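Under the numbering used here, the first residue of the sequence shown is numbered 1, with each subsequent residue one higher. Note that beta-carbon positions come from the ideal geometry of N, C-alpha and C, so glycine has one too. Model, not experiment: these values are computed from the prediction. Notes follow once the structure below has been shown.
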Amino acid sequence: MPEDATGGEEYTVDELAARAQMTVRNVRAYAGRGLIDAPRLEGRTGYYNREHLQRLQLIRQLIERGFTLAAIEKAILNAPHAAGHTLDLIAILDQPDTAEPETMSRDDLAALAGVHRDDTLIESLVGLGLVEKLGTDEVRLIEPAVVRSGAAAVKLGLAPETVIALFPLLQSHLRTIADAFVREVVKELVQPFVDAGLPEDDWPQVLNVVESLLPIASQVTLGIFRSEFRDAIEVEVGEQITGLASKRS
């Protein structure tokens, strides 16, 4: 495989397409829209380098995330040198923060919660995106930590329907918290970076902020929840004791 003037690898259009996991036709279409630079020509053969590959990988990943080609084109043309850093950002966002999905039988899932197998409950978990059906007997736990925690709550004595009904409530409120947290981070830390034209020297700091954000936000949220949960239990138990005392007096 040839190398460019800086010693990096170069690829023909077929090799580039294979490495970028897309068709040659798409590579040429993106080139025609100005989304990648023209290749280095040697005779009638064009040779592409790592920057071309990074740009195509970025385009593919953004499309997979639901961005339109028009939006991608606008972003790339406004910041043509940010592809490598954007891939670093996507890699950070794609880091698994939960256990890998687990496969188990429906009976084993029921046993986790200490209840009899109930396919209706499994359908509810499927509807919430927590479980995926595999045939008639097996399921895949998409969010194993959440499912196992819910099963543990059922094993303590809560009704399965109660635990399942709590999930959308938790999800909705936590999404509101996440949105507020991210909105402030973008306003105070990311937007000034964007307004400055995405300076090369500031990329490491921005990537560090994004990578550090999840554990920090998680710790804050968990700490507040534990405190509020203890207070709620104390109030509820106090009311129950007061009510019991009034009945006896």
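| Asked | Found |
| --- | --- |
| For the alpha helix (DSSP H) holding Tyr30, just list the boundary residues, first then last. | Val24 to Gly32 |
| I need the DSSP call for Val126, collapsed to helix, strand or coil. | helix |
| How long is the line joining the alpha carbons of Thr242 and Glu234, rounded to whole angstroms? | 12 Å |
| Of all the alpha helix (DSSP H) runs that stay within the bounds of the stretch 129-161, which reach a length of 4 or more residues? | 144-156 |
| From Val147, Leu53 and Leu125, pick the residue whose C-alpha is nearest to that of Ala99; which is it? | Val147 |
| For Tyr48 and Ile72, what's the separation of their Cα atoms in angstroms? | 21 Å |
| Tell me whether Thr221 sits in a helix, a strand or coil according to DSSP, three-state version. | helix |
| Between the alpha carbons of Glu123 and Ala196, how many angstroms are there, rounded? | 50 Å |
| Ile76 to Ser172, Cα distance in whole Å? | 33 Å |
| In this structure, does DSSP put Ala5 in helix, strand or coil? | Because Ala5 carries a pLDDT of 49, less than 50, the predicted location of this residue cannot be relied on, and the following value inherits that uncertainty. Residue state, collapsed to three classes: coil. |
| Under three-state DSSP, which class holds Glu236? | helix |
| What's the C-alpha gap between Asp137 and Ile224? | 40 Å |
| Which same chain residues, not among the five before or five after Leu35, have their C-beta less than 7 Å away from its C-beta? | Arg55, Ile59, Glu73 and Ile76 |
| Taking the beta strand (DSSP E) that Arg50 falls in, what are its first and last residues? | That residue, Arg50, is in no beta strand (DSSP E); its alpha helix (DSSP H) goes Arg50 to Glu64. |
| Express the C-alpha separation of Ser149 and Ile164 in angstroms, rounding to a whole number. | 11 Å |
| Between Ala29 and Leu121, what straight-line distance do the alpha-carbon atoms span, to the nearest angstrom? | 48 Å |
| Under the three-state reduction of DSSP, which class applies to Gly114: helix, strand or coil? | coil |
| Exposed or buried, which one is Ala5 when buried takes at least 16 other CB atoms within 10 Å? | Per-residue confidence for Ala5 stands at a pLDDT of 49, beneath the threshold of 50, marking its modelled position as unreliable; the derived number appears in the next sentence. Exposed, since its Cβ has fewer than 16 Cβ neighbours within 10 Å. |
| Rounded to whole angstroms, how far is the Cβ of Arg140 from the Cβ of Thr103, which I believe are closer than 8 Å? | 5 Å |
| Using the C-alpha atoms, what's the distance from Val24 back to Pro39? | 14 Å |
| By how many angstroms is the C-alpha of Leu112 removed from the C-alpha of Asn26? | 48 Å |
| Alpha carbon to alpha carbon, how far is Leu128 from Ala17? Give it in angstroms, no decimals. | 37 Å |
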